[in-house]
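In the UniProt record's numbering, the protein residues as written are 1 to 288.
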C-alpha cells in the first residue's frame with residue numbers, strides 16, 4: 001500500500017529504486033555546494049530539498065500535510081552555512097573528548113547541539129557526512145549497532161559544539177538513561193536536540209525513550225529521517241506522512257518540518273547544515 005495522495009502508478013514505483021540508484025551514485029560525488037549549484041535544477045532540488053522533491057508526488061490536497069516551507073532558506077544562505085562546516089586554518093573542526101557523565105564533559109561557552117537515536121539508525125554516519133568538508137575529523141562508524149557508548153564532543157571552530165550521543169535500544173550502555181537524561185536536563189548551552197528516526201521502519205517503540213525525555217524537559221527538538229536512499233519513493237512517502245502526522249498530533253516541542261537525510265548520497269545534508277548554523281546563531285536567514 002502506498003502513501004495517501006500518491007500519483008505514481010505501481011509500475012513506475014517498481015522501476016524507481018534502480019533509477020534512484022543511478023542518480024544516487026552520481027549525487028554521492030557532490031560534496032561542496034558550489035558543485036551542487038552546477039547540477040540540473042531537478043537534480044539539485046532532490047539533493048538539497050528532498051522533502052520538496054517528495055512533495056511533488058502528492059496530490060494537491062495532501063501536500064498541505066508536509067511543512068516543507070517552515071525552514072526555507074535561500075541557496076545563498078545554504079552556501080554561506082557551508083563555511084561554518086569547512087575546516088580551515090582559522091576554523092578548526094575537531095574531536096574534543098568523550099564522557100560518560102555530564103561533569104566529565106568539556107565546559108565550553110559555545111552553543112551546543114546533540115544527535116540521538118536508536119542503535120543502528122545511522123547517527124555516526126550522518127555526523128561523518130555533516131563533517132565531510134573537514135576530512136581530518138575522525139568520526140568512528142561501525143557496522144555493528146551500539147558502537148557509541150559515550151557522549152562524543154566535537155568542536156566546530158568558534159561556532160558551536162556537536163555531541164554524538166550513545167544509541168538506545170540494542171546494546172545500549174547500562175547507564176544510558178542516567179547519562180542522557182542528565183545531559184538533556186542540565187546542559188545549559190544545549191540549543192537543539194536532533195532525534196534520528198530510520199525512515200525505512202518509521203518511529204519505533206524504543207524511540208519513545210528520547211521523545212519522552214525531550215517532551216518532559218520541554219526541549220526543542222527536530223526529527224531527522226535517515227537512510228532515505230534505502231526505500232522506494234512510495235514507501236518513503238508513506239513513512240514521511242505517518243511521521244509528520246505523529247509530529248503534528250503527538251508532540252509539543254518537535255520542530256514541525258522533518259529533515260529527510262541520506263548519508264550515502266548527501267541528500268538533505270546541505271539543508272541540515274544550514275539549519276544548524278541558523279539555530280546556533282551563526283547564520284541569520286528568513287527561514288525561521
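C-beta: ideal position from N, C-alpha, C; glycine also.
Item to check | Three-pair Cβ contact test at 8 Å for the region 198-212 versus the region 239-247 | outcome: Contact holds: three or more Cβ-Cβ distances are below 8 Å.
Checklist entry - Which class does residue 134 belong to by DSSP, given the choice of helix, strand or coil? => result If DSSP states are grouped into helix, strand and coil, residue 134 belongs with coil.
Checklist entry - Does the beta-carbon distance from residue 279 to residue 187 come in below 7 Å? => result The criterion of a C-beta distance shorter than 7 Å is not satisfied by residue 279 and residue 187.
Next on the checklist: Which residue wins for smallest C-alpha separation from residue 206, given the options 276, 132, 161 and 119?
Outcome noted: When the alpha-carbon of residue 206 is set against those of 276, 132, 161 and 119, the nearest one is in 119.
Checklist entry - If you compare alpha carbons, which of 61, 151, 63 and 110 is closest to residue 104? => result For the set 61, 151, 63 and 110, the Cα lying nearest the Cα of residue 104 is the one of 151.
Checklist entry - Which whole-angstrom value is the C-beta distance of residue 136 and residue 87, which I expect to be below 8 Å? => result At roughly 6 Å, the Cβ-Cβ gap stays under 8 Å, so residue 136 and residue 87 are in contact.
Checklist entry - What number of angstroms, rounded off, separates the C-alpha of residue 237 from the C-alpha of residue 228? => result Residue 237 and residue 228 have their C-alpha atoms some 10 Å from each other.
Next on the checklist: Using 8 Å as the cut-off, can you tell me whether the region 127-135 makes contact with the region 263-273, which would need three or more C-beta pairs spanning the two stretches below that distance?
Outcome noted: Pairwise C-beta distances place the region 127-135 in contact with the region 263-273, as three or more of them are shorter than 8 Å.
Checklist entry - Which residues in the same chain have their Cβ closer than 7 Å to the Cβ of residue 215, if we skip the five residues on either side of it in sequence? => result These residues qualify, in order along the chain: 251, 252 and 253.
Next on the checklist: Using a 10 Å radius around the Cβ and a threshold of 16 neighbouring Cβ atoms, would you call residue 22 buried or exposed?
Outcome noted: For residue 22, the predicted model reports a pLDDT of 39, less than 50, meaning its position is unreliable; a value from the coordinates is still stated below. The residue in question, residue 22, is exposed, as its Cβ has fewer than 16 Cβ neighbours within 10 Å.
Checklist entry - Do you know offhand how far residue 166's Cα is from residue 96's? => result The straight-line gap from Cα to Cα measures roughly 16 Å.
Checklist entry - With distances taken between CB atoms, is the gap from residue 210 to residue 276 smaller than 7 Å? => result Contact: no.
Checklist entry - What are the start and end residues of each continuous alpha helix (DSSP H) run of 4 or more residues lying completely inside the region 35-61, in chain order? => result Whole alpha helix (DSSP H) segments, 4+ residues: 41-48 and 50-55.
Item to check | Span of the beta strand (DSSP E), counted from its first residue to its last, around residue 273 | outcome: Counted as a single uninterrupted DSSP element, the stretch harbouring residue 273 is not any beta strand (DSSP E) but the alpha helix (DSSP H) occupying residues 269-279.
Checklist entry - Based on the DSSP output, what are the partners of residue 96 in its beta bridges? => result Residue pairing from DSSP leaves residue 96 without any beta-bridge partner.
Next on the checklist: Check this for me: beta carbons of residue 50 and residue 260, under 7 Å apart or not?
Outcome noted: Residue 260 is positioned such that its CB atom lies closer than 7 Å to that of residue 50.
Item to check | Residue from 139, 134 and 111 whose Cα sits closest to the Cα of residue 123 | outcome: Ranking the options by Cα distance to residue 123, first place goes to 139.
Next on the checklist: By alpha-carbon positions, which one of 109, 198 and 80 ends up nearest to residue 284?
Outcome noted: The residue among 109, 198 and 80 with its C-alpha nearest the C-alpha of residue 284 is 80.
Next on the checklist: Using a 10 Å radius around the Cβ and a threshold of 16 neighbouring Cβ atoms, would you call residue 70 buried or exposed?
Outcome noted: Counting Cβ neighbours within 10 Å, residue 70 comes out exposed, since fewer than 16 surround it.
Next on the checklist: Spatial neighbours of residue 20 within its chain, please: C-beta separation below 6 Å, excluding the five flanking residues on both sides.
Outcome noted: With a pLDDT of 39 at residue 20, under the threshold of 50, the predicted position of this residue should be treated as unreliable, though the coordinate-derived value follows. If you ignore the 5 residues before and after residue 20, its C-beta comes within less than 6 Å of no other C-beta in its own chain.
Checklist entry - Expressed to the nearest angstrom, what Euclidean distance is found between the alpha-carbon atoms of residue 27 and residue 224? => result Low local confidence applies: a pLDDT of 42 at residue 27 is under 50, so the model's placement there is unreliable, with the coordinate-based value given in what follows. Between residue 27 and residue 224, the C-alpha separation is close to 20 Å.
Item to check | Same chain, Cβ closer than 6 Å to residue 134, five either side skipped, listed in chain order | outcome: Within the same chain, Cβ atoms closer than 6 Å to the Cβ of residue 134 are found at 87 and 93, the five residues on either side in sequence being excluded.
Next on the checklist: Using a Cβ-Cβ cutoff of less than 6 Å, which residues in the same chain neighbour residue 282 once the five nearest sequence positions on both sides are dropped?
Outcome noted: Here the set comprises 84 and 159.
Next on the checklist: According to DSSP, residue 116 sits in a beta bridge with which residue or residues?
Outcome noted: For residue 116, the beta-bridge partners assigned by DSSP are 195.
Checklist entry - Taking all protein chains shown into account, do 16 or more other C-beta atoms lie within 10 angstroms of the C-beta of residue 273, making it buried, or fewer, making it exposed? => result Result: buried.
Checklist entry - residue 263: buried (16+ other C-beta within 10 angstroms of its C-beta) or exposed? => result Residue 263 is buried by the Cβ-count criterion.
Item to check | residue 155 (DSSP reduced to helix, strand or coil) | outcome: Three-state result, residue 155: strand.
Checklist entry - Could you give the distance in angstroms between the alpha-carbon of residue 45 and the alpha-carbon of residue 55? => result The straight-line gap from Cα to Cα measures roughly 11 Å.
Checklist entry - Beta-carbon separation of residue 162 and residue 113 under 7 Å? => result Contact annotation: residue 162 and residue 113 have beta-carbon atoms nearer than 7 Å.
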